[in-house]
Amino acid sequence: MHVVRIPGPLRSYTHGAAQVRARGDTLDEVLAELERAYPGMRFRMIDEQQRIRPHIRIFINASETAALDAALGAGDEVHLICALSGG
Amino acid sequence: MSSTIWVGTRKGAFALRPDKQRRRWRLAGPQFLGHIIHHIVQDPREPRHLVMAAKTGHLGPTIYTSGDRGRHWQEAQSPPAFRKARDGETPRAVERTFWLTPGHASEPGVWFAGTAPAGLFRSEDHGANWQPVGGFNDHAMFPKWAAGQRTPDGELLHSIRIDPRDARHMYLAISVGGVFETLDGGTDWAPLNEGVAADWLPDPNAAYGHDPHCLIVHPLQPDRLYQQNHCGSYRLDRPARRWERIGKHMPKKIGDIGFPVVAHPREPDTVYVMPMDGSKVWPRTAIEGKPAIYRSRNGGRSWQRLDRGLPRQQAWFTVLRQAMCADAASRLGLYFGTTHGEVWASSTGGDAWRCIARHLPEIYSVTHAV
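If you read the sequences in order, they're chains E and S. Going by my numbering, the residue at position 28 of the first sequence is 684; the numbering climbs one at a time, nothing skipped. Going by my numbering, the residue at position 14 of the second sequence is 122; the numbering climbs one at a time, nothing skipped.
Okay, here's the thing in structure tokens:
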């Protein structure tokens, strides 16, 4: 079970929770579990070609990853980050 | 009559509701504050249903649907999305859903959506689930019709129009790409751009590559089409295929460049445009800072300037392609929203105007609902 930190723009899906828990051996499995728990959330972050959207960053612990198949070890945390620019 | 003007903005959705005389308007909202709302459209077949195209600065695009006239909204289960790219293909991903059109009266629950980059999508359940229309998105000519990032903001598929006599007969427009028509429900498509200028193209008779800003089909006379294009205003009376540039009858100092075109719902010869400055570097503002609607009552053979009540000077707003509409009242109501966040209304068919909302975010769409 991994801690997943949820940014403000996605908390409408998690009913306001800034942190949730999800299972998975890879980032993709964690995102799939999030989608099951919070339908619609994954597509706001990952496009239909399985690419992370331009204003989304994903960290495993302190390391950014662009690979959905990145492996997760016991106790790893997933940080979903939204990076907005402009007014 | 009971009505609502839905206003989609860069920072949320708003609703304007009038008293019986349409003298006083009450502003409600915002809903979805901070969301980019490109279009809010009511289903004329089942008026309690609405569909909204939304995204945020951070997040990918989505669709919201309402079954109670906009009081509550539910997110689509599967928003418009291209199919997975095959080997060797350039992957396509919907950056935003830009346009929504309810389907034919004989197909309740069916909706169509246009996206950027250009794509056509269909829903059969009031907008809850969307599928790509392969007949268009995977047409052998699609890579030429919609060549990718030909414009900095990406190509927009918009103005999806359905012939009220025949669900299989549809039009759509791509900016930049041109107008296209299907006669078989979307299995095959063909360009319909003859006579339309595209002054940046090397070939003056190019079959496609044009820049339609807005295309309408008159509901009572579906063979009557109007088009506001990057290169002028046009009319087409089917079965003819050659567009006639009706903007040539506009005053020379005004020209015939703009985004929206709106038809009178009961008078096919009456049409409204909002000219903008398309000179030199394309300011796209009201011409000389003096906004005006132009109305033709004879299919574009002559035009009348309508600016009573509008700012007389130093008003530099733009009216985008979805941001002007008409209602269905016996004394026709017209509405437009500006990039400066104002909504202007006329309850006299355009003869006089007044501002009914201001200080809103940049307005992307203005639509009428009953």
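The beta carbon of each residue, even a glycine, is placed where N, CA and C say it ideally should be.
Going by beta carbons, Asn337 of chain S and His357 of chain S fall outside the 8 Å limit. By the Cβ test, the stretch 305–319 of chain S is not in contact with the stretch 237–246 of chain S, since fewer than three Cβ pairs between them sit closer than 8 Å. Taking a cut-off of 8 Å on C-beta distances, the stretch 430–441 of chain S does not touch the stretch 406–415 of chain S, as fewer than three cross pairs fall below it. Under the criterion of beta carbons closer than 8 Å, Leu468 of chain S and Val149 of chain S do not qualify as touching, at roughly 19 Å. Membership of Ala693 of chain E in the alpha helix (DSSP H) is indicated by the continuous run Leu683 to Ala693. The three-state reading of DSSP puts Glu232 of chain S in coil, since its state is none of H, G, I, E or B. With the criterion set as a beta carbon lying under 8 Å from some beta carbon of chain S, the members of the stretch 677–696 of chain E are Pro695 and Gly696, in sequence order. Going by beta carbons, Phe206 of chain S and His266 of chain S fall inside the 8 Å limit. Collapsing the DSSP output to three states places Trp181 of chain S in coil.
For Asn337 of chain S, the uninterrupted beta strand (DSSP E) run begins and ends at Arg332 to Asn337, by DSSP. Secondary-structure assignment with DSSP links Pro383 of chain S through a beta bridge to S:Gly366. Under a criterion of Cβ atoms nearer than 9 Å, the residues of chain S adjacent to Leu740 of chain E are, in order, Thr164, Gly165 and His166. Counting along the chain, Arg698 of chain E sits inside no beta strand (DSSP E); it lies in the alpha helix (DSSP H) bounded by residues Met697 to Met701.
Around the CB of Val478 of chain S, fewer than 16 other CB atoms lie within 10 Å, so the residue is classed as exposed. Under the three-state reduction of DSSP output, Phe122 of chain S falls in the strand class. With fewer than 16 other beta carbons inside 10 angstroms of its own, Asn717 of chain E counts as exposed. Along the stretch 167–184 of chain S, the positions whose C-beta sits under 7 Å from a C-beta of chain E are Leu167, Gly168, Thr170 and Glu183, read in chain order. Membership of Pro210 of chain S in the beta strand (DSSP E) is indicated by the continuous run Arg204 to Pro210. With contacts defined by Cβ atoms closer than 8 Å, Tyr402 of chain S and Pro383 of chain S form a contacting pair. Pro187 of chain S reaches chain E at Phe699, counting residues in chain order whose Cβ is nearer than 7 Å. Interface residue (Cβ-Cβ distance to chain E less than 8 Å): Ala201 of chain S is classified as such.
Residue-level contact by beta carbon fails for Glu720 of chain E and chain S, as no gap is shorter than 8 Å. Cβ neighbours of Ala727 of chain E within its own chain (closer than 7 Å, five residues either side excluded): Asp681 and Thr682. Contact of Phe190 of chain S with chain E by beta-carbon distance below 7 Å involves Glu704. Contact annotation for His711 of chain E against chain S: Gly165, His166 and Leu167 [CB-CB distance below 8 Å, chain order]. Listed in chain order, the positions of the stretch 204–226 of chain S with a beta carbon within less than 9 Å of a beta carbon of chain E would be empty, since no residue qualifies. Counting along the chain, the unbroken beta strand (DSSP E) around Gly286 of chain S starts and ends at Gly286 to Thr290. In this structure, the straight-line span from the alpha carbon of Ser668 of chain E to that of Gly743 of chain E is close to 22 Å. Going by C-alpha positions, Cys322 of chain S is about 16 Å away from Gly408 of chain S. Neighbours of Arg707 of chain E in chain S, taken as residues at a C-beta separation under 9 Å, are given in chain order as Pro199 and Ala201. Within chain E, Gln705 have C-beta atoms less than 8 Å from the C-beta of Ala193 of chain S, given in sequence order. Taken through DSSP and simplified to helix, strand or coil, Leu344 of chain S comes out as strand.
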